[in-house]
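Here numbering that gives the first Met the number 0 is used: the first residue of the first sequence is 0, the next is one more, and so on.
Think of the CB as a built atom: it goes at the ideal place given N, C-alpha and C, for glycine as much as any other residue.
Worksheet: the structure to be examined is printed underneath.
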Amino acid sequence: MSDPLAPKTLMKYHPQKIEKKWQKEWGKENLYQARDFSKKPKKYLMVEFPYPSGDGLHVGHIRSYTALDILARQKRMEGYNVLYPMGWDAFGLPTENYALKTGIHPIKITRQNIINFKKQMKSLGLSFDWSRETNTTDPNYYKWTQWIFLQFFKRGLAYQAEMPINWCPKCKIGLANEEVIGGKCERCGAQTEIRLKKQWLLKITKYANRLINDLEKVNYLEKIKTQQINWIGRSEGTSIKFKIWESISQKGSRTPKFKQYIKVFTTRTDTIFGVTALVLAPEHPLVEKITTPEKKKEVEKYVAASKKKSEFERTQLEKEKTGVFIGAYALNPANNEKVPIWVGDYVVAAYGGGAVMVVPAHDKRDYQFAEKYNLKIKEVVISGHSEGGRQKRPTEESRSKSTGFFTNVQDDKEGRAFVDYGTLINSGQFNGLSSEEAIEKITDWLIKKDAAQKTVQYKLRDWIFSRQHYWGEPIPLVHCEKCGIVAVSEKDLPIKLPYVEKYEPTETGESPLAKIEKWVKTKCLKCQGSAKRETDTMPNWAGSSWYFLRYVDPKNKKVLADFKKLKYWLPVDLYNGGMEHTTLHLLYSRFWHKFLYDLKVVPTAEPYERRVSHGVVLAEDGRKMSKSFDNVINPDEIVRTNGADALRVYEMFMGSFDQTISWSSQGLQGCFRFLKRVWGLKPAASRQPPATSQKDLERLTHQTIKKVSEDLDSLKFNTAVSALMILANALGESKEIPDRYYKLFLILLSPFAPHLSEELWEKLGNKKSIFLEPWPKYDSKIITKETFSLIIQINGRVRDKIETPKNISEKEAKELALARPKIQKWLAGQKPKKVIYIPGRLLNLVV
RNA sequence: GCCGACGUGGCGGAAUUGGCUAUACGCGUACGACUCAAAAUCGUAUGGGCGCAAGCCCGUGUGGGUUCAACUCCCACCGUCGGCACCA
0 MSDPLAPKTL MKYHPQKIEK KWQKEWGKEN LYQARDFSKK PKKYLMVEFP YPSGDGLHVG
60 HIRSYTALDI LARQKRMEGY NVLYPMGWDA FGLPTENYAL KTGIHPIKIT RQNIINFKKQ
120 MKSLGLSFDW SRETNTTDPN YYKWTQWIFL QFFKRGLAYQ AEMPINWCPK CKIGLANEEV
180 IGGKCERCGA QTEIRLKKQW LLKITKYANR LINDLEKVNY LEKIKTQQIN WIGRSEGTSI
240 KFKIWESISQ KGSRTPKFKQ YIKVFTTRTD TIFGVTALVL APEHPLVEKI TTPEKKKEVE
300 KYVAASKKKS EFERTQLEKE KTGVFIGAYA LNPANNEKVP IWVGDYVVAA YGGGAVMVVP
360 AHDKRDYQFA EKYNLKIKEV VISGHSEGGR QKRPTEESRS KSTGFFTNVQ DDKEGRAFVD
420 YGTLINSGQF NGLSSEEAIE KITDWLIKKD AAQKTVQYKL RDWIFSRQHY WGEPIPLVHC
480 EKCGIVAVSE KDLPIKLPYV EKYEPTETGE SPLAKIEKWV KTKCLKCQGS AKRETDTMPN
540 WAGSSWYFLR YVDPKNKKVL ADFKKLKYWL PVDLYNGGME HTTLHLLYSR FWHKFLYDLK
600 VVPTAEPYER RVSHGVVLAE DGRKMSKSFD NVINPDEIVR TNGADALRVY EMFMGSFDQT
660 ISWSSQGLQG CFRFLKRVWG LKPAASRQPP ATSQKDLERL THQTIKKVSE DLDSLKFNTA
720 VSALMILANA LGESKEIPDR YYKLFLILLS PFAPHLSEEL WEKLGNKKSI FLEPWPKYDS
780 KIITKETFSL IIQINGRVRD KIETPKNISE KEAKELALAR PKIQKWLAGQ KPKKVIYIPG
840 RLLNLVV
């Protein structure tokens, strides 16, 4: 039985009751609405908007949303005009697949899922500004996605090309290389294959350089920058022309002709004297033209076979390299040697022109290839003084060289190519040069002979932008028999997705939209003749590439967002999301933003000032949460049993924000207990505790203000919570807490556990929300004591501590130390040889 | 294979311009209080070894090194995790 004398305020902590109450209350007051052009300084905080799946909110989402919610609440209390919006990235395959399975229309499913997500978010007390909610599937939103596409098209940055694309036979959809994970479709997991298909592409490569250079302007985590740079993969090299020795292929003809040539890209021009073959990708246009008649059958068979393989299969390093000699030869422009031309599927068509020069002695892949087909191996670089100093393993390589490098490699399947920079041999006039020098000099020499060009290559490829699916933004173009491809008038946007019953993918690989004749048939804008709509749709990356702009002005009908408003709010000050989005999504949205910047539609060159990523939340068993493992944590259930505040506090306390972590139900209970203890703290306005203990409490409170404020700035939420726990423990020790410390504690706790804090705040008799209180400031005078504990070490080991005044001198410290019996014991009569004194820290006596 | 990170109690994790006898905070565990009992709650203890005790010694993956002083810096090795995929 409970204490009959206890007042009503000391009832048990029932989060369920107070949380609903305050969520309603906050909703009424519009506390979280951001004001355009407010005189307060602005702060734009953003989390990645979710894909509203049928599974509902994942506890990983909550980690991210809560973290920035805490910052948003704190920044408001610090006097900022905070924009913390939320929206829905709702186009995409899972919804479409689910719709196909159940027969419910994607529009309906999306609507239901959004309702559920929103309900869940509200039950967590997240302070989003719901008046700015956006949805990528809303025609008023995708009108502007289509508008942006039209600008790309009008400026020649959207183009069609017949592309060898990854084809997912299950989803019946073309995938960008970026979407193929391990040779498998990113979405459904089916093995992909290569197909040729006419596709829309966006010329992201035009922005490659700026996408690298402008990283200097922003504050991303270093590893995120590195990821972006590596993905773009800029490399400077040389494109070398190898003339084709055509006479060899023509029986009877004796005089060699060199009408055509093969362009080969290399970063290792210094190895050109070691070239012993060329290999073309199976897709290379010259393969068909220069293959000799007697080789034709064999080559065709090989090319056909390799087309069936996915890029992943073809490019496995472990896999044996295969190829076929096509009967033709080329001329090495450096030494006029005749080298055989092969076709091999380990060469990637889309990179460097789809042709490589084979230098077996200095490239691992080439070495493997040469070994298999008995090509010549010619050594042209040896280990030695290299001015660049880029040699990675000189000892091993030089040893193998001196003991007969190529005689004993037969049994070494790894290949022992010397791939580092070194000194040139067997390279005519360039012998003796370092690789670095040789690259420059040989390139210049070849350029003079008109046999080479300096070029920059990027790993980054243009973004394949069409999807043959229903649930995406229609591409706003029209195909006219007379005029070709014509842009839809901007006035006619949005081109709405037709509402139909059937939207199954077609066997032909065409979009389901192609079957809807009424929709497809239209008029050409130019000649008024009959025309057909483009039936491909956009990938779901499209809508998410610019949503942060729409939050600024979500209802604008004239432009995608008002320029003045953009100028007020941009850039996004802090953008948080999953590590898995730090290459593709981040790159794509930066690309779109730069394009819009060039059009003077947006005021900044970069969209996000600071980007951080949070770690994944794994299941309790350390595996990924998944229905099939039956280990998914349902947030609704936790809110029901322990309350949103406990869930929030636990998600912040569980570990370092950026690190992967396993869920722990017991950890959650610990945080729930913490809140229960907070609930039970008893403030007392009247009686004051003894002055001394009050002083300690005052100091601890100010220390906590400092700690929590600084930890929030550096996103160290876990240690901020721990500081709050320490303060709560101290408050719990004093029977009656002076109410100003109690209040300060509640304010510090409020961003983390908003409902509980608001409730307790109200119980104190406050009429206004705790979130209208200013964020407290600490007094550094109160934090610092006049005394400190001086560490006394002997030979670097701590042997004693003395509480001394701050400004004690070395001499005084030494005298104090030597007077201590403990120290005398350790010294055993010896005199210190050396004394190290760090003021305010320690005294070390060396004997 | 390449790139990046990391390695601290039974567990999640603190502490790194080198310096408060590393392990804050939380979990777990043990014992105790309350209870007929359990749950909840509260209290105490909790890295290892030796010791009755005072105390001493060893301890941040392993082995070396720099330093008065190393979880923190350097070298080598072992291990774990993440990302990428023959980029010429």
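Distance between residue j and residue i (C-alpha atoms, nearest Å)
| i | j | result |
| --- | --- | --- |
| Leu-747 | Tyr-741 | 10 Å |
| Asp-128 | Thr-109 | 21 Å |
| Ile-463 | Asp-778 | 57 Å |
| Ile-837 | Ser-612 | 39 Å |
| Leu-586 | Leu-210 | 8 Å |
| Lys-593 | Val-46 | 21 Å |
| Lys-833 | Val-845 | 5 Å |
| Gln-249 | Glu-293 | Reliability fails at Gln-249, whose pLDDT of 49 lies under 50, so the model's placement of it is uncertain and no value is given. |
| Tyr-469 | Ala-643 | 38 Å |
| Pro-497 | Asp-54 | 27 Å |
| Leu-277 | Val-357 | 5 Å |
| Leu-67 | Asp-344 | 48 Å |
| Asn-29 | Ala-189 | 48 Å |
| Ala-729 | Leu-696 | 7 Å |
| Pro-775 | Asn-765 | 17 Å |
| Pro-105 | Lys-258 | 57 Å |
| Leu-565 | Leu-56 | 30 Å |
| Asn-218 | Lys-224 | 9 Å |
| Asn-806 | Leu-789 | 11 Å |
| Tyr-260 | Val-338 | 13 Å |
| Pro-602 | Asp-657 | 31 Å |
Sequence-distant residues of its chain with Cβ nearer than 7 Å to residue i (five each side left out)
| i | result |
| --- | --- |
| Asp-572 | Lys-42, Tyr-43, Leu-44, Glu-608, Arg-609 |
| Val-860 | As shown, the chain starts at 0 and ends at 846. That puts residue 860 outside it, with no answer to give. |
| Asp-535 | Trp-199, Ser-465, Arg-466, Gln-467, Ile-474, Ser-510 |
| Ser-847 | Residue 847 falls outside the range modelled here, since the chain spans only 0 to 846, and no answer is possible. |
| Gly-858 | Because the chain in this structure spans residues 0 to 846, residue 858 falls outside the shown range and cannot be described. |
Closest by C-alpha distance to residue i, when choosing among the options
| i | options | result |
| --- | --- | --- |
| Tyr-50 | Trp-87, Glu-757, Ile-103 | Trp-87 |
| Lys-142 | Ala-560, Leu-826, Glu-809 | Ala-560 |
| Leu-125 | Glu-436, Ile-69, Leu-771, Thr-275 | Ile-69 |
| Asp-269 | Val-380, Gly-471, Ile-781, Asp-799 | Val-380 |
| Trp-662 | Leu-674, Met-624, Ala-683, Ala-618 | Ala-618 |
| Ala-847 | Ser-63, Pro-504, Ser-664, Glu-132 | What is shown of the chain runs 0 to 846, which leaves residue 847 out entirely. |
| Gly-614 | Cys-479, Asn-96, Ser-529, Glu-650 | Glu-650 |
| Trp-444 | Val-477, Trp-825, Pro-332 | Pro-332 |
| Lys-169 | Lys-681, Thr-191, Trp-760, Pro-750 | Thr-191 |
| Trp-341 | Pro-93, Ala-349, Lys-320, Lys-27 | Lys-320 |
| Lys-205 | Gly-421, Asn-430, Arg-460, Ile-103 | Arg-460 |
| Ala-486 | Thr-65, Gln-145, Tyr-12 | Gln-145 |
Outcome for residue i when other beta-carbon atoms lying within 10 angstroms are tallied against a minimum of 16
| i | result |
| --- | --- |
| Leu-512 | buried |
| Arg-34 | exposed |
| Asn-539 | buried |
| Gly-679 | exposed |
| Arg-639 | exposed |
| Asn-843 | buried |
| Pro-804 | exposed |
| Ser-543 | buried |
| Ala-303 | exposed |
| Asp-635 | exposed |
| Arg-796 | exposed |
| Pro-737 | buried |
| His-384 | Per-residue confidence for His-384 stands at a pLDDT of 47, beneath the threshold of 50, marking its modelled position as unreliable; the derived number appears in the next sentence. It counts as exposed. |
Own chain residues within Cβ distance below 8 Å of residue i, not counting five before or after
| i | result |
| --- | --- |
| Thr-394 | Since pLDDT at Thr-394 reaches only 29, below the 50 mark, its modelled position is unreliable, and the value read off the structure follows with that caveat. Cβ within range, chain order: n/a, list empty. |
| Asn-425 | Phe-272, Gly-273, Lys-377, Glu-378, Val-379 |
| Ile-113 | Pro-51, Trp-87, Ala-89, Asn-134 |
| Glu-336 | Val-274, Leu-330 |
Close-in-space but distant-in-sequence residues of the same chain around residue i (CB under 6 Å, 5 per side omitted)
| i | result |
| --- | --- |
| Ser-238 | Lys-262, Phe-264, Gln-452, Thr-454 |
| Ser-234 | Thr-266, Gln-456 |
| Gly-351 | Phe-264, Gln-456 |
Three or more C-beta pairs under 8 Å: does that hold for the stretch 14–23 against the stretch 746–763? yes
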